[in-house]
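Read through the structure below, which is laid out as structure tokens, and then see the notes.
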Amino acid sequence: MDYKIVIGLEVHVQLLTQTKLFTACTTEFNPDAPNTQTQPLCIALPGTLPVLNRHAYELAVKAALGLNCSIAKFTKWDRKQYFYPDLPKGYQISQYDMPMSFDGWLEVDDADGHKKKIRILRAHLEEDAGKNIHDESGRGEDSKVDLNRAGTPLLEIVSEPDLSSAAEARQYLDELRLIMQYLEVSDCNMQEGSLRCDANVNLHIVQEDGQIAPTPLVEVKNLNSFRNVEAAIDFEVERQLEEFQLTGRKWGDPGVMKETRGFDANRGTTFAQRGKEDAADYRYFPDPDLAPVTMTDEEIDAIRKTMCELPADRRERMRTVYELSDYDREVIMNHSPQLSDYFEETAKISGDGKQAANWVTQDVLRELNDRDLAIDEFPVRPVVLGAMVKKIVDGDLTVKSGREVFAALLETGLSGNSLSPATVDQIIEEKGLAVVKDTGAIEATIKEVLSRDQNAKSVEDLKGGKQQAAGPIIGQVMKEVKGADAKMVREMILKIVQDS
Ligand code: MN
Numbered sequence: 001m002d003y004k005i006v007i008g009l010e011v012h013v014q015l016l017t018q019t020k021l022f023t024a025c026t027t028e029f030n031p032d033a034p035n036t037q038t039q040p041l042c043i044a045l046p047g048t049l050p051v052l053n054r055h056a057y058e059l060a061v062k063a064a065l066g067l068n069c070s071i072a073k074f075t076k077w078d079r080k081q082y083f084y085p086d087l088p089k090g091y092q093i094s095q096y097d098m099p100m101s102f103d104g105w106l107e108v109d110d111a112d113g114h115k116k117k118i119r120i121l122r123a124h125l126e127e128d129a130g131k132n133i134h135d136e137s138g139r140g141e142d143s144k145v146d147l148n149r150a151g152t153p154l155l156e157i158v159s160e161p162d163l164s165s166a167a168e169a170r171q172y173l174d175e176l177r178l179i180m181q182y183l184e185v186s187d188c189n190m191q192e193g194s195l196r197c198d199a200n201v202n203l204h205i206v207q208e209d210g211q212i213a214p215t216p217l218v219e220v221k222n223l224n225s226f227r228n229v230e231a232a233i234d235f236e237v238e239r240q241l242e243e244f245q246l247t248g249r250k251w252g253d254p255g256v257m258k259e260t261r262g263f264d265a266n267r268g269t270t271f272a273q274r275g276k277e278d279a280a281d282y283r284y285f286p287d288p289d290l291a292p293v294t295m296t297d298e299e300i301d302a303i304r305k306t307m308c309e310l311p312a313d314r315r316e317r318m319r320t321v322y323e324l325s326d327y328d329r330e331v332i333m334n335h336s337p338q339l340s341d342y343f344e345e346t347a348k349i350s351g352d353g354k355q356a357a358n359w360v361t362q363d364v365l366r367e368l369n370d371r372d373l374a375i376d377e378f379p380v381r382p383v384v385l386g387a388m389v390k391k392i393v394d395g396d397l398t399v400k401s402g403r404e405v406f407a408a409l410l411e412t413g414l415s416g417n418s419l420s421p422a423t424v425d426q427i428i429e430e431k432g433l434a435v436v437k438d439t440g441a442i443e444a445t446i447k448e449v450l451s452r453d454q455n456a457k458s459v460e461d462l463k464g465g466k467q468q469a470a471g472p473i474i475g476q477v478m479k480e481v482k483g484a485d486a487k488m489v490r491e492m493i494l495k496i497v498q499d500s
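Residue numbers (my numbering): 1 to 500.
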């Protein structure tokens with residue numbers, strides 16, 4: 001069957017504020033002490049009134065600008081009513097018909113590698129609910145409610161249905177996450193629920209008469225990993241195809257409602273939950289306790305000035321300025337903005353982007369993982385690593401000796417000593433690792449090694465043209481002159497044997 005996959009994503013991102021959206025209660029992630037971060041407003045005590053956290057609003061504007069959205073000069077708050085145990089007020093404060101931002105976009109690569117713009121319908125600010133904790137032991141114990149998270153600021157980002165594969169959806173989420181992290185508006189930590197995703201999926205099936213038949217729209221709720229988003233989409237494609245072949249039911253047919261489905265990560269399947277409420281069921285109306293928010297051009301510009309370079313621009317700069325491979329660039333950029341900064345400083349000091357990338361993606365990342373360190377805690381700072389890499393670039397240190405220096409630097413730094421470019425020189429000096437550029441000294445050593453009785457056979461083989469016989473001799477020479485460049489030593493051995 002010929003068909004097109006149509007996907008729109010709704011992403012909730014938790015903003016990096018110290019306090020909640022409408023009260024000065026901490027937003028710290030604290031699942032081990034439920035209901036301890038609950039000021040009177042969070043639990044909806046009578047008489048409490050919300051006051052807007054202006055910082056949350058500014059972060060939301062910054063995020064929206066990063067998504068190329070227009071910012072509303074005037075926006076208001078609405079009550080979205082529904083009944084659920086983790087929502088003590090009986091309504092969520094959200095934005096209905098006047099979102100704070102709209103008409104944005106971000107880019108992904110389509111299947112042919114071309115840039116494809118995914119439109120963003122709107123991004124609005126709202127408060128989070130609490131968390132229901134259901135007994136999963138099967139013993140039928142009570143369900144519990146934790147309201148620590150109630151009132152935390154969320155930015156809900158709604159895309160147009162422009163995504164046409166699970167791979168594009170994944171890219172959209174990766175890019176969105178990078179934008180939020182680089183702008184420092186959210187950590188997007190999925191384990192802690194700072195980024196949650198719902199996927200709207202259906203198919204446009206091309207029928208024999210050429211007419212397009214859209215399958216009934218499905219919203220898969222609460223996907224808590226990017227892999228689950230992809231798996232849920234793949235599953236829905238198969239399921240909707242099968243169902244269409246069986247029933248022929250189309251979106252728009254009488255009685256066909258949007259369906260909400262859950263995702264079972266263990267089975268990789270979705271399951272029916274309920275028919276979806278539409279806007280009327282929520283009985284939205286403007287919140288009378290909150291004043292509308294106005295923004296002037298000057299205020300929007302002031303926020304725009306605080307924005308760093310966006311990931312798409314930085315990616316392009318990494319490619320052109322440092323000549324990085326796509327792979328190295330993605331490893332560095334996807335790790336964190338901090339690692340990108342670390343790399344760039346190292347590259348600038350060493351004067352060689354490719355060499356710097358090798359050290360950062362291999363040696364530095366390996367140590368971070370092994371030692372469970374964040375890049376900001378890593379004792380070998382760019383000024384030191386850059387100085388060491390520069391020596392390699394200048395031919396004053398071999399890559400192999402560089403590994404030894406790097407290990408020594410790390411050990412010195414981890415035991416609490418401060419490091420500087422001078423420490424690099426000191427270690428090279430102490431370990432005798434400087435590249436010996438005195439070819440006279442190397443030549444003398446080679447001649448001495450070649451004259452050793454034990455090497456008579458190797459010398460014979462070399463004269464007979466067996467170049468691999470140079471191996472053991474190179475080893476012995478390198479032992480004598482530690483900083484020698486192995487490739488140069490090899491060439492000199494071959495020449496000396498030939499000339500003798
Ligand atoms: Mn929402």
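Glycine included, every Cβ here is placed at the ideal spot set by N, Cα and C.
Exercise for the section: Could you tell me the boundaries of the alpha helix (DSSP H) in which L494 lies? Expected result: A486 to D499
Practice task
Please report how far the alpha carbon of I446 lies from the alpha carbon of V477, in whole angstroms.
Solution key: 6 Å
Practice task
Counting only runs of 4+ residues fully inside the region 387 to 451, write out the alpha helix (DSSP H) ranges in chain order.
Solution key: 399 to 414, 421 to 431 and 439 to 450
Problem - D174 - containing alpha helix (DSSP H), residue span - result: A166 to Y182
Handout entry: Check: E126 C-beta below 7 Å from any heavy atom of ligand 1
Key = yes
Handout entry: Of the residues S458, Q181 and G248, the one placed nearest C308, counting alpha carbons only
Key = Q181
Practice task
Spell out a yes or no on whether the region 132 to 151 and the region 162 to 176 are touching, meaning 3 or more CB-CB pairs, one atom from each, closer than 8 Å.
Solution key: no
Practice task
Return the first residue and the last residue of the alpha helix (DSSP H) that V237 is part of.
Solution key: F226 to T247
Exercise for the section: Please check if any C-beta of chain C sits within less than 8 Å of the C-beta of V459. Expected result: No chain C is present in this structure, which holds just one protein chain.
Exercise for the section: Report yes if the C-beta distance between V405 and M388 is below 8 Å; otherwise report no. Expected result: yes
Practice task
Tell me, please, whether the region 39 to 54 touches the region 147 to 160 by the rule of three or more beta-carbon pairs shorter than 8 Å.
Solution key: yes
Exercise for the section: Going by DSSP, name the residue or residues bridged to G8. Expected result: N200
Handout entry: Whole-angstrom distance between Q171 and I392, CA atom to CA atom
Key = 37 Å
Problem - Alpha-carbon spacing of Q207 relative to D97, whole angstroms - result: 37 Å
Handout entry: Beta-carbon proximity list for Q95, same chain, < 8 Å, skipping 5 on both sides
Key = T75, K76, W77, D78, H124, L125 and E126
Problem - Enclosing beta strand (DSSP E) for P85 [first to last residue] - result: Segment: none, P85 is in no beta strand (DSSP E) and carries neither H nor E.
Problem - Nearest-angstrom Cβ-Cβ length linking I120 and S70, presumed shorter than 8 Å - result: That belief does not hold up - the Cβ atoms of I120 and S70 are roughly 10 Å apart, past 8 Å.
Problem - A265 versus R177 - alpha carbon distance - result: 21 Å
Exercise for the section: Say yes only if the C-beta of S94 is nearer than 7 Å to one or more non-hydrogen atoms of ligand 1, and no if none qualify. Expected result: yes
Practice task
May I ask you to check if the CB of H55 is nearer than 7 Å to at least one heavy atom of ligand 1?
Solution key: no
Practice task
Leaving aside the five residues before and after Y57 along the sequence, list all residues of the same chain whose C-beta is less than 8 Å from its C-beta, in chain order.
Solution key: M100, L125 and V293
Practice task
May I have a chain-ordered list of the alpha helix (DSSP H) segments no shorter than 4 residues that lie completely inside the region 57 to 117?
Solution key: none
Problem - Residues of its chain near T19, where Cβ-Cβ distance is below 7 Å and the 5 sequence neighbours each way are ignored - result: C25, T26, T27 and N53
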